[in-house]
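Novice: Attaching a single structure in structure tokens format; questions to follow.
Here's what the structure looks like:
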């Protein structure tokens, strides 16, 4: 049976929200042929279990089942469409009854100079999807790989999370290299499609603890009520115009290798993770935006939400476990007006709270508490349809750390030069999407025009990265 999370993602899919798209930049020794890519994707379909499932209903209950449709949803698109592909895949309608619940698109990159070095420490890659295609990461070793392509992979969120999707990007590059070289490809499966049963056992154990502890129940109830009554800070920055078309838009930034190394070294020296430091940077930027709009307070209670990989709580080897195993940690950061004067002290306090919530299994506790709430929405349709009824964080984050090993380098005939990911977002205010790849910090802001204008989103991004450069300026 599909889990509650998977059912919610199916309802969201029907409405064109919370769909995942990945943009993988490739460089090859020789031009790619369409039939080579199609064959590699057929092998991918055959070898990756989570790509072969679809939904089926039995006695009113939604289940996963093996898809009977063996066709791969793949197209080669003209270069003129490269900037529209991500937006298209983030609202794509899959056939949930027959599958596949994923698709692939290929666009040749014939632009010149895509691998040139840049003198800027922070590259502004794109505004929405109307600018130039995202460049490949500069690499002096790519002179033997002169042909460049953009491979786009779209996914129904019920079958993958970030960990699974990144691994699939790596599988794709490896299989494509094998097809180019003519290497025989066996039937060995690349991973296992794992249900949420192990997670649910942990959640039910947390549920029993909550039921046996009235004080814990009260604490969780009070925290939930505070979140429910919280006004979204962006509503005090941006007034939504009448009749605006609600869209999911994107901004991208990336740091060069030197700046990435400085940022990482500074975080280590200050004993915080990159994630904690970035959360503090986002808080500082939001405080600046609010102050510019005349919202001046001694302390700002910023409500943020952080996606985590639930495999961290499982026993045994989880490296082959594919599927959707994501949950969230909620935090209220009491951010002082003078945050920039005490930045690293504040970042350490964020780090301590995040680590405490990770170690205590806060995400599992939230899922358990959700099972106990009497006012929980009765249907998955209601959850997907009622953005006004949802508790909205001021921002969300999804951080995968260094994904280089997950994505792999391809092989002798192909190199992955860059990978970016995005999720359709018309309900949430914005999501900070971050990871590092091949020594570069890559960042994307998914934002909804329901809550942010493009001008506000640009200003938010600029303040984050201006502050980042400022707090690492003393780092060698």
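Residue numbers (the working numbering): 515 to 990.
C-beta: ideal position from N, C-alpha, C; glycine also.
Quick check on the DSSP output: the alpha helix (DSSP H) that includes residue 734 runs from which residue to which?
Specialist: Per DSSP, residue 734 belongs to the alpha helix (DSSP H) from 728 to 742.
Novice: Secondary structure at residue 477, three-state DSSP: helix, strand or coil?
Specialist: Here the chain has residues from 515 to 990 only, and residue 477 is not among them.
Novice: Quick one: using the 10 Å Cβ neighbour count with 16 as the cut-off for buried, is residue 750 buried or exposed?
Specialist: It counts as exposed.
Novice: Can at least three beta-carbon pairs, one atom from the segment 668 to 684 and one from the segment 933 to 945, be found at a separation below 8 Å?
Specialist: A contact exists between the segment 668 to 684 and the segment 933 to 945.
Novice: Closer than 8 Å by C-beta to residue 837: which residues in its own chain qualify, once you throw out the five before and the five after it? Chain order, please.
Specialist: Excluding residues within five positions, the ones whose Cβ falls inside 8 Å are 564, 673, 674, 675, 678, 707, 708, 709 and 710.
Novice: From which residue to which residue does the alpha helix (DSSP H) around residue 526 run?
Specialist: Element bounds for residue 526: 518 to 528.
Novice: Quick check: the segment 759 to 769 against the segment 814 to 830, are there 3 or more CB pairs under 8 Å?
Specialist: The segment 759 to 769, when compared against the segment 814 to 830, does not touch it at the 8 Å Cβ threshold.
Novice: Give every residue of the same chain whose Cβ lies closer than 6 Å to the Cβ of residue 957, excluding the five residues on either side of it in the sequence, and list them in chain order.
Specialist: For residue 957, where only same-chain residues beyond five positions count, the Cβ hits under 6 Å are 767 and 948.
Novice: Using a Cβ-Cβ cut-off of 8 Å, state whether residue 761 counts as contacting chain D.
Specialist: This model lacks chain D altogether, as it is built from one protein chain only.
Novice: In terms of residues, what are the limits of the beta strand (DSSP E) holding residue 762?
Specialist: 762 to 769 is the span of the beta strand (DSSP E), which, as asked, contains residue 762.
Novice: If residue 661 sits next to residue 523, beta carbons under 8 Å apart, how far is it from one beta carbon to the other, in whole angstroms?
Specialist: 36 Å between Cβ atoms; not a contact.
Novice: Classify residue 807 as buried or exposed, calling it buried when 16 or more other Cβ atoms lie within 10 Å of its own Cβ.
Specialist: When all chains shown are included, residue 807 counts as exposed.
Novice: Just confirm the distance between the C-beta atoms of residue 587 and residue 614, as a whole number of angstroms; I'd bet it's less than 8 Å.
Specialist: Right, the Cβ-Cβ distance comes to about 6 Å (below 8 Å), so this counts as a contact.
Novice: If the criterion is Cβ atoms closer than 8 Å, does the pair residue 816 and residue 964 meet it?
Specialist: Not closer than 8 Å, so no.
Novice: What do you get for residue 756, buried or exposed, if any count of 16 or more other CB atoms within 10 angstroms of its CB means buried?
Specialist: Answer is exposed; the Cβ neighbour count stays below 16.
Novice: By how many angstroms is the C-alpha of residue 620 removed from the C-alpha of residue 595?
Specialist: Near 10 Å, if we compare the C-alpha coordinates of residue 620 and residue 595.
Novice: When the Cα atoms are used, what is the spatial distance from residue 868 to residue 572?
Specialist: Near 41 Å, if we compare the C-alpha coordinates of residue 572 and residue 868.
Novice: My output table needs one value for residue 781: the three-state DSSP class, helix, strand or coil.
Specialist: Helix.
Novice: Taking only three categories from DSSP, how would you classify residue 818?
Specialist: Residue 818: strand per DSSP, three-state reduction.
Novice: Looking at the strands, I want to know which residues DSSP matches up with residue 828.
Specialist: Note: residue 828 sits in no beta bridge, so no partner.
Novice: What's the gap between the Cα of residue 705 and the Cα of residue 719?
Specialist: One C-alpha to the other measures close to 28 Å.
Novice: Quick check: the Cα distance between residue 539 and residue 759, rounded to an integer number of angstroms?
Specialist: C-alpha separation (whole angstroms): 31 Å.
Novice: According to the Cβ coordinates, are residue 699 and residue 928 closer than 8 Å?
Specialist: Contact: no.
Novice: Buried or exposed for residue 616, please, with buried defined as at least 16 other CB atoms from any protein chain shown within 10 angstroms of its CB.
Specialist: Buried: at least 16 other Cβ atoms inside 10 Å.
Novice: Would you report the Cα separation of residue 920 and residue 950, rounded to the nearest angstrom?
Specialist: Distance between the alpha carbons of residue 920 and residue 950 is about 11 Å.
Novice: Would a C-beta distance cut-off of 8 Å place residue 801 and residue 856 closer than the cut-off?
Specialist: No, the pair does not count as a contact, with Cβ atoms beyond the cut-off.
Novice: Within 10 angstroms of its Cβ, does residue 520 collect 16 or more other Cβ (buried), or is it exposed?
Specialist: Burial call: buried.
Novice: Quick check: the Cα distance between residue 986 and residue 733, rounded to an integer number of angstroms?
Specialist: Approximately 38 Å, taken between the alpha carbons.
Novice: Are there 16 or more other CB atoms within 10 angstroms of the CB of residue 593, so buried, or fewer, so exposed?
Specialist: Its Cβ having fewer than 16 others within 10 Å, residue 593 is exposed.
Novice: Quick check on residue 960: buried or exposed, where buried means 16 or more other Cβ atoms within 10 Å of its Cβ?
Specialist: With 16 or more Cβ atoms within 10 Å of its Cβ, residue 960 is classed as buried.
Novice: Determine the contact status of residue 818 and residue 839, defining contact as a CB-CB distance below 8 Å.
Specialist: Not in contact: residue 818 and residue 839 (Cβ atoms no closer than 8 Å).
Novice: May I ask you to report which of helix, strand or coil DSSP gives residue 916?
Specialist: DSSP places residue 916 in strand when its eight states are reduced to three.
Novice: Indicate whether residue 747 and residue 908 have their beta-carbon atoms separated by less than 8 Å.
Specialist: Against a cut-off of 8 Å, the Cβ pair of residue 908 and residue 747 comes out as a contact.
Novice: When we look at the beta-carbon of residue 697 and count the other beta-carbons within 10 Å, is it buried (16 or more) or exposed?
Specialist: Residue 697 comes out exposed.
Novice: Go ahead and label residue 599 buried or exposed: buried means 16 or more other beta carbons lie within 10 angstroms of its beta carbon, across all protein chains shown.
Specialist: Result: buried.
Novice: In the DSSP assignment, the beta strand (DSSP E) including residue 564 goes from what residue to what residue?
Specialist: Taken as a continuous stretch (DSSP letters only), residue 564 belongs to no beta strand (DSSP E), as it is neither H nor E.
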